[in-house]
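Protein chains in written order, with my numbering: chain A, 17 to 238; chain B, 45 to 685; chain C, 280 to 530.
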Amino acid sequence: MALWPQSSVAKKFLNAITGIGLFIFVVVHLFENLLLLTGNPDDFNRWAHFLESFGVVLRIIEIGLAAFFIAHIWSALLVYWDKWKARPHGYRVYRTAGWTSRQTLSSQTMIYTGIVLLAFVIWHVITFRFGPYYPIMVDGVEMRDLHRLVVEVFNEPINVVLYVAVMVFLGFHLRHGFWSALQSLGAYHPRWTPVWYSGGVLVAAALAAGFIVIPIWVYLYL
Amino acid sequence: MATAIKLDSKVPSGPLESRWTRHKDQLKLVSPTNKRKYTILVVGTGLAGASAAASLAELGYNVKAFCIQDSPRRAHSIAAQGGINAAKNYRNDGDSIWRLFYDTIKGGDFRAREANVYRLAELSVNIIDQCVAQGVPFAREYGGLLDTRSFGGALVERTFYARGQTGQQLLLGAYSAMMRQVDAGRVTLYPRREMLDLVVINGQARGIVCRNLITGELESYVGDAVVLCTGGYGNAYFLATYAKNSNATAIWRCHKRGALFANPCFTQIHPTCIPVTGDYQSKLTLMSESLRNDGRVWVPKKKGDTRPPNEIPEDERDYFLERKYPTYGNLAPRDIASRAVKAVCDEGRGVGATGRAVYLDFSDTIREKGIEYIKEKYGNLFEMYQHITGEDPYKVPMRIYPAVHYTMGGLWVDYNLMSTIPGLFVLGEANFSDHGANRLGASALMQGLADGYFIIPYTIGDYFANTTLPKVSPEHSAFKESLADVHRFLTKLLSIKGNKTVLEFHRELGMILWDYVGMARNAQGLQIAIEKIRKLREEFWNNLKVPGDNNMLNKNLEMAGRVADFLELAELMAIDALHREESCGAHFREEYQTPDGEALRNDEQFCYVAAWEYTGDLGKPELHKEPLVFEFVTPTVRSYK
Amino acid sequence: MTKKMTLHLRIWRQPNPHTPGRFVTYTIRDVSSDMSLLELLDVLNEELIKKGEPPVEFDSDCREGICGTCGFLVNGVAHGPKRGRTACQQYLRDFKDGETITLEPFRAKAFPVIKDLVVDRSALDRIMAAGGYISVNTGSAPDANSIPIPKEIAEQAFDAAACIGCGACVAACPNASASLFVSAKIAHLALLPQGQPERIRRVLRMVEQMDKEGFGDCSNHGECEAVCPKNISIKHIAIMRREYLRALWSL
Ligand SMILES: Cc1cc2nc3c(=O)[nH]c(=O)nc-3n(C[C@H](O)[C@H](O)[C@H](O)COP(=O)(O)OP(=O)(O)OC[C@H]3O[C@@H](n4cnc5c(N)ncnc54)[C@H](O)[C@@H]3O)c2cc1C
Ligand code: HEM
Ligand code: HEM
Ligand code: SF4
Ligand code: F3S
Ligand code: FES
Chain A
17 MALWPQSSVA KKFLNAITGI GLFIFVVVHL FENLLLLTGN PDDFNRWAHF
67 LESFGVVLRI IEIGLAAFFI AHIWSALLVY WDKWKARPHG YRVYRTAGWT
117 SRQTLSSQTM IYTGIVLLAF VIWHVITFRF GPYYPIMVDG VEMRDLHRLV
167 VEVFNEPINV VLYVAVMVFL GFHLRHGFWS ALQSLGAYHP RWTPVWYSGG
217 VLVAAALAAG FIVIPIWVYL YL
Chain B
45 MATAIKLDSK VPSGPLESRW TRHKDQLKLV SPTNKRKYTI LVVGTGLAGA
95 SAAASLAELG YNVKAFCIQD SPRRAHSIAA QGGINAAKNY RNDGDSIWRL
145 FYDTIKGGDF RAREANVYRL AELSVNIIDQ CVAQGVPFAR EYGGLLDTRS
195 FGGALVERTF YARGQTGQQL LLGAYSAMMR QVDAGRVTLY PRREMLDLVV
245 INGQARGIVC RNLITGELES YVGDAVVLCT GGYGNAYFLA TYAKNSNATA
295 IWRCHKRGAL FANPCFTQIH PTCIPVTGDY QSKLTLMSES LRNDGRVWVP
345 KKKGDTRPPN EIPEDERDYF LERKYPTYGN LAPRDIASRA VKAVCDEGRG
395 VGATGRAVYL DFSDTIREKG IEYIKEKYGN LFEMYQHITG EDPYKVPMRI
445 YPAVHYTMGG LWVDYNLMST IPGLFVLGEA NFSDHGANRL GASALMQGLA
495 DGYFIIPYTI GDYFANTTLP KVSPEHSAFK ESLADVHRFL TKLLSIKGNK
545 TVLEFHRELG MILWDYVGMA RNAQGLQIAI EKIRKLREEF WNNLKVPGDN
595 NMLNKNLEMA GRVADFLELA ELMAIDALHR EESCGAHFRE EYQTPDGEAL
645 RNDEQFCYVA AWEYTGDLGK PELHKEPLVF EFVTPTVRSY K
Chain C
280 MTKKMTLHLR IWRQPNPHTP GRFVTYTIRD VSSDMSLLEL LDVLNEELIK
330 KGEPPVEFDS DCREGICGTC GFLVNGVAHG PKRGRTACQQ YLRDFKDGET
380 ITLEPFRAKA FPVIKDLVVD RSALDRIMAA GGYISVNTGS APDANSIPIP
430 KEIAEQAFDA AACIGCGACV AACPNASASL FVSAKIAHLA LLPQGQPERI
480 RRVLRMVEQM DKEGFGDCSN HGECEAVCPK NISIKHIAIM RREYLRALWS
530 L
């Protein structure tokens, strides 16, 4: 019996679980990054240092996160691979029937917004995680001055523009991804599903907006 | 060719209640290991065919199942709306097997076999059990038990239903049971196949010839028995409530190979259908009979009154059913209401663009009970009506007209459902068995499933156990001949290259049948019909135009073959109607009516099944009579007053 | 109100599975707005036959929206503009006079085109054979009322069982997924007490067969629900996934 991960249903479980995992990471990450805006550079660095102090545990979490990324991308590619195989001859005229259809620009472009996110994350991790190490003393302890790095990066207008653009893609990805993940896991409720579905717009917009504020703020005020 | 066929109905004797049980006990059995050696060809996958295929395969037989549609689930049975009768007496309202039996035999105007009808009523109980176990989502009450409602011709609530889609749900149940056997390797499906001939070897039905509807290839299939479940032939009338692919081809070709055709003129016409809107019309849609509970039927008093209905004042309306039948009014029985509607339209008082419709008006009920009442009771029907006609029946009266709905006639079968050709069994609407001259609502589904689930599995074993079946192969000369015949037939259709399309011929035939062999018939009209049918048939074979080729998907060629058969069957229908000089059930001969227009049955001379034998000359079929003996009920006059 | 219309039909013509197809446009004048779309095709075919041209092949049977035989894309939407209806229930009055109507066959690898607008949907039957049933031999059923089923449950099961197997969900799905069709059957049987014993096997086998047939996976576009003539909800896809989780759990 062909089970996960070949089965179409299981593929979506994996995609959804990892998608939710990544979503949680991004939400937490947003709040972390909002520390940049507290006015006191030490807040951000202190938090980063606090995380660093977990050492091996943090490494494991990071590896887990990477695994989630890989599994998410892998399952997403499988879904798309099947999609392309399943309709080799496309329609000349095709449009959505509207009404209850959940087909949107965002649902149709998951693979593209996803690929943009992938490229972004690689670039982003190289820039920050593996970027230059500026030491700084906070409360008598030596830490990595990530605040300075961020400020440096976001003082380049081009980086700000790229970041803002990518965050729009993130918003689109989550506009469909948010409710879709719940549906993929079999969570359906006649009353709540429409709420999740409409709520997806808010969640996605809020998240994108939160991330957009950071580079702009840094560029303008720091 | 005419031989001394002796019709042996094989009806067992003894008390009515125990006939089937005793009969079963006396039937010979085939051992489980031997069952595997038999191959049964089941043609048709409607309620009768799917239930038969599943049940036979469960027993261990090899089954090959054929149907015209791309999936067996699409058989015409899918369209049945109302419900299925069963004498469960869950309501404690006095129902019993006897009562269901009596209602059915009386509804059929005493032109069916007592033993068959009793067996049907008996088995009805098991059908519901079987279907529920398969997961058929019948309507239920809040307590979780099955709900029932009442249907025409009965004083008890014994009709089980699944919204307005009972046929669909029952068929999907039977289909899924059959698909389970497909998975088990016991049933092989042959969709998009049309049976075009029966192969008879040494007097036994041993195979069929089919056309593969995708490639056009002719294919031979060998079997130890052939079970025909190919449905009714009402599409002979062209406009009918049947699905477009329903046809008479399989039964007609078996008839021409020697199977007798019983009571071909018994056709049921349903009074409440959505009327024809123009000559492009391709089929008619049934509106539930229940609408007549709350709607009033009327036409303008004046001929050719074209005012919109709402502008016709009350005193210029003729509520003709209420006028003619004061007691039953709008609820007059199907055949009577249908005839009355036709009569006013013939007078030129029909309404709508074609003048072939009457109003079914709900405005009084809406005024008295409110629109909500109507919505709740008939909401989906009103919606359907609006889909089709574009008119809002809440605002303007519905227009309705009778339409052909069911054929009680079919191949003659004995108590074991075997035709006059040994090894050829006929089930469901394709046979003539249980409904006499008129079928009660919600009993066709019951019959199809009784035949398929509970009768054929027993009787076919008896046939095998009593018969020696020599090995035959598709190379046998009978198959070769049959293939050649079919090939010649198809080539001929394609080679006429005349000027008229199949559709034109079919429409013309339909008009003839509707006008002369329809709701009311008379000797003169029937003679005319026979003349006209012969002429049309001749023209068909000289002036038909079929596009395309044989070696491809060619729906016009399929239709051409079916219409060719309808053109032959139509004559037999007229001949049968002409010979039956009485009015009974759906067969109304104008010459035989009481002074107040009631059907006048003639039990003295016509209490028999008319089974026709094909003699090679379509105009001269040979009549065989199976007398109907009533030992347990006394035929009475069917009165509606 | 009945009116006369002129319509242009842009139809996919393909003589057989191996020959590439193309669109051909036909104009039909003076047809009644009360006509159904399929009747318009009938009229067109009569004209074509008379002219000696091959008629347009399309599937239909009941012509009242219950058998699931008909179906193609009408102006890019499976079954056509009016929702909750099959192709045979679309009427000309819902189109504009002078409009060009594009008809294209259902397209999916699992639904190969046979000819013109006719496709092969037998894959759906094979999925049903893999488990779309309750195993109960004829004659072995207990009394129908021996297991009460709450009305609500029966109604929910019915909502799922109403599927007519038309394949429009597959045709409309951007991924050509059969999830709605498959889930409707799984949900129907999983809801009923009679369906319990085979729950696990059923969902695993039906999903496996669906995948084998070459249908795509479900990305929750919900387009299927919007074109489904029986308004089958994508709720059932969620139910199918829960059934699948249950099955994985219990293995
Ligand atoms: C609109 C409507 C509503 C109805 N409502 C009710 C109702 O509420 N209650 C009730 O009891 N009855 C009702 N009936 C009647 C009932 O539906 C039918 O009598 C019954 O379903 C017939 O079933 P069947 O199995 O005999 O044949 P069908 O369901 O007609 O099946 C015929 C099968 O034979 C196949 N076939 C035909 N010819 C060939 C061939 N040459 N080669 C291969 N295959 C062939 C077809 O493909 C199909 O699979 C209704 C009928 C109509 C038209
Ligand atoms: C921060 C990063 C990401 C987040 C938060 C995220 C989140 C999500 C979520 C919640 C879903 C819905 C899951 C479902 O439908 O069941 C999803 C789907 C998807 N994701 Fe991501 N994702 C991210 C990155 C990526 C990347 C890098 C790709 C790269 C290819 C990608 C491609 C996809 C695709 C294609 C889908 C749709 C799958 C389908 O259609 O079934 N995502 N994502
Ligand atoms: C403006 C917005 C953002 C800022 C300022 C920001 C900042 C940072 C910083 C400073 C780090 C390094 C942390 C460390 O090395 O300890 C980091 C890591 C990371 N960021 Fe962001 N980030 C932003 C947006 C995003 C987005 C939108 C995503 C995902 C789609 C993302 C994904 C990641 C990942 C995956 C890492 C690596 C985590 C790790 O290795 O632990 N970031 N980010
Ligand atoms: S789910 Fe709807 S669209 Fe899909 S096959 Fe069933 S009825 Fe057709
Ligand atoms: S449209 Fe397709 S993606 Fe899923 S929700 Fe319906 S099957
Ligand atoms: S022809 Fe039956 S659903 Fe359209």
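Cβ atoms here follow ideal geometry from the backbone N, Cα and C, with glycine treated the same way.
7 Å CB neighbourhood of B:Q178 in its chain, flanking five on each side removed:
Taking C-beta separations shorter than 7 Å and ignoring five residues to either side along the sequence, the partners of B:Q178 in its chain run G217, S220 and A221, following chain order.
What does C:K375 touch in chain A if you count any residue whose Cβ is under 7 Å from its own?
For C:K375, none of the residues of chain A pass the 7 Å Cβ criterion, the least Cβ distance being about 16 Å.
Give a yes or no on whether 8 Å exceeds the smallest Cβ distance from B:D173 to chain C.
Answer yes: the Cβ-Cβ gap between B:D173 and chain C drops below 8 Å somewhere.
Taking the runs of the beta strand (DSSP E) that are 3 residues or longer, which of them lie wholly in the stretch 216 to 242 of chain B?
Unbroken beta strand (DSSP E) stretches of 3 residues or longer found wholly inside the stretch 216 to 242 of chain B: 231 to 234, given in chain order.
Just list the alpha helix (DSSP H) runs in the stretch 148 to 195 of chain A, keeping only unbroken ones of 4 residues or longer that don't cross its boundaries, in chain order.
Qualifying alpha helix (DSSP H) stretches, in chain order: 162 to 170.
Got a sec: is the Cβ-Cβ distance from C:L471 to anything in chain B below 8 Å?
It does; some Cβ of chain B falls within 8 Å.
I want to verify the contact list: residues of chain B whose CB lies under 9 Å from the CB of C:P421, in sequence order.
For a Cβ distance threshold of 9 Å, residue set D173, V176 and A177 of chain B lies close to C:P421, ordered along the chain.
Give the list of continuous alpha helix (DSSP H) stretches no shorter than 4 residues that lie fully inside the stretch 343 to 382 of chain B.
Counting only runs of at least 4 residues, the stretch 343 to 382 of chain B fully encloses the following alpha helix (DSSP H) elements, listed from N- to C-terminal order: 364 to 368.
Hey, which unbroken runs of the alpha helix (DSSP H) at 4 residues or more fall wholly within the stretch 534 to 613 of chain B?
Within the stretch 534 to 613 of chain B, the complete alpha helix (DSSP H) runs of at least 4 residues are 546 to 560 and 567 to 587.
For the stretch 200 to 218 of chain A, which residues have a CB atom closer than 8 Å to at least one CB atom of chain C, in sequence order?
So the list reads S200, L201, G202, A203, Y204, P206 and T209, given in the order they occur along the chain.
If you run the structure through DSSP and keep just helix, strand and coil, what is C:T306?
It is a strand residue.
Pick from B:G492, B:D620 and B:R202 that is closest to B:G275, judged by C-alpha positions
If we check each option's Cα against that of B:G275, B:G492 comes out closest.
Counting only beta-carbon separations shorter than 8 Å, does C:E383 have a partner in chain A?
Judged by the 8 Å Cβ criterion, C:E383 is in contact with chain A.
Does A:W97 pass the burial test, meaning 16 or more other C-beta atoms within 10 Å, or should it be called exposed?
Counting the other CB atoms within 10 Å of its CB gives A:W97 a total below 16, which places it among the exposed residues.
Within 8 Å (strictly less), CB to CB, does C:E487 reach chain B?
Taking Cβ atoms only, chain B never reaches closer than 8 Å to C:E487, which makes this a no.
Over what stretch of residues does the alpha helix (DSSP H) that includes B:T678 continue unbroken?
Looking at the DSSP string, B:T678 is not in any alpha helix (DSSP H), and its letter there is neither H nor E.
Does the beta carbon of A:F194 fall short of 7 Å from some heavy atom of ligand 2?
In this structure, A:F194 has its beta carbon less than 7 Å from a heavy atom of ligand 2.
For A:L198, list the residues DSSP reports as bridge partners.
Note: A:L198 sits in no beta bridge, so no partner.
By alpha-carbon positions, which one of B:G399, B:L404 and B:K327 ends up nearest to B:L365?
Considering only alpha carbons, the answer is B:L404.
With a CB to CB cut of under 6 Å and the five nearest residues on each side skipped, what residues in its chain are close to A:L19?
Legend: pLDDT at A:L19 = 39, less than 50; position of this residue unreliable, no value from coordinates given.
Rounding to the nearest angstrom, what Cα-Cα distance links B:L51 and B:L100 in this structure?
Distance from the CA of B:L51 to the CA of B:L100, rounded to the nearest whole angstrom, comes to 27 Å.
The stretch 151 to 158 of chain A contacting the stretch 385 to 403 of chain C, beta-carbon criterion three pairs below 8 Å
Under the Cβ criterion (8 Å, minimum of three pairs), the stretch 151 to 158 of chain A does not count as touching the stretch 385 to 403 of chain C.
Restricting to Cα atoms, I'd like to know which of C:H358, C:V461 and C:R372 is closest to C:G410.
Of the listed residues, the one whose Cα sits closest to C:G410 is C:V461.
Taking the straight line between their C-alpha atoms, what separation do you get for B:E548 and B:A567?
Those two C-alpha atoms are separated by around 27 Å.
Below 8 Å between beta carbons: does that hold for B:G472 and B:D495?
Result yes, Cβ atoms of B:G472 and B:D495 sit closer than 8 Å.
How about B:K108 and B:G267: do their beta carbons lie closer than 8 Å?
Yes. Within cutoff.
Where B:Y636 and B:R624 are concerned, what is the direct C-alpha to C-alpha distance, given to the nearest angstrom?
Rounded to the nearest angstrom, the two C-alpha atoms are 10 Å apart.
Cα separation between A:L165 and A:F39?
In this structure, the alpha-carbon of A:L165 lies about 25 Å from that of A:F39.
Just checking: is the beta-carbon of C:G411 within a distance shorter than 8 Å of some beta-carbon in chain B?
Closer than 8 Å: yes.
Please name the residue or residues paired with B:W656 in a DSSP beta bridge.
B:W656 pairs with B:F305 and B:L667.
Evaluate contact between the stretch 192 to 212 of chain B and the stretch 458 to 474 of chain C, counting only Cβ atoms and requiring at least three cross-stretch pairs below 8 Å.
No, because fewer than three Cβ pairs between the stretch 192 to 212 of chain B and the stretch 458 to 474 of chain C fall closer than 8 Å, the two stretches do not touch.
From C:H297 to C:P391, what does the alpha carbon distance come to, in whole angstroms?
Near 10 Å, if we compare the C-alpha coordinates of C:P391 and C:H297.
Which residues, taken in chain order from the stretch 71 to 98 of chain B, show a beta carbon closer than 9 Å to some beta carbon of chain C?
Listed by position along the chain: S95 and A98.
Under 8 Å by beta carbon: chain B residues contacting C:Y370:
Here the neighbours are H431, I432 and G434.
Within the present structure, is the beta-carbon of A:F39 separated from the nearest heavy atom of ligand 2 by less than 7 Å?
True, at least one ligand heavy atom lies under 7 Å from that Cβ.
Pairwise C-alpha distance: A:L133 and B:Y324
B:Y324 and A:L133 have their alpha carbons spaced roughly 57 Å apart.
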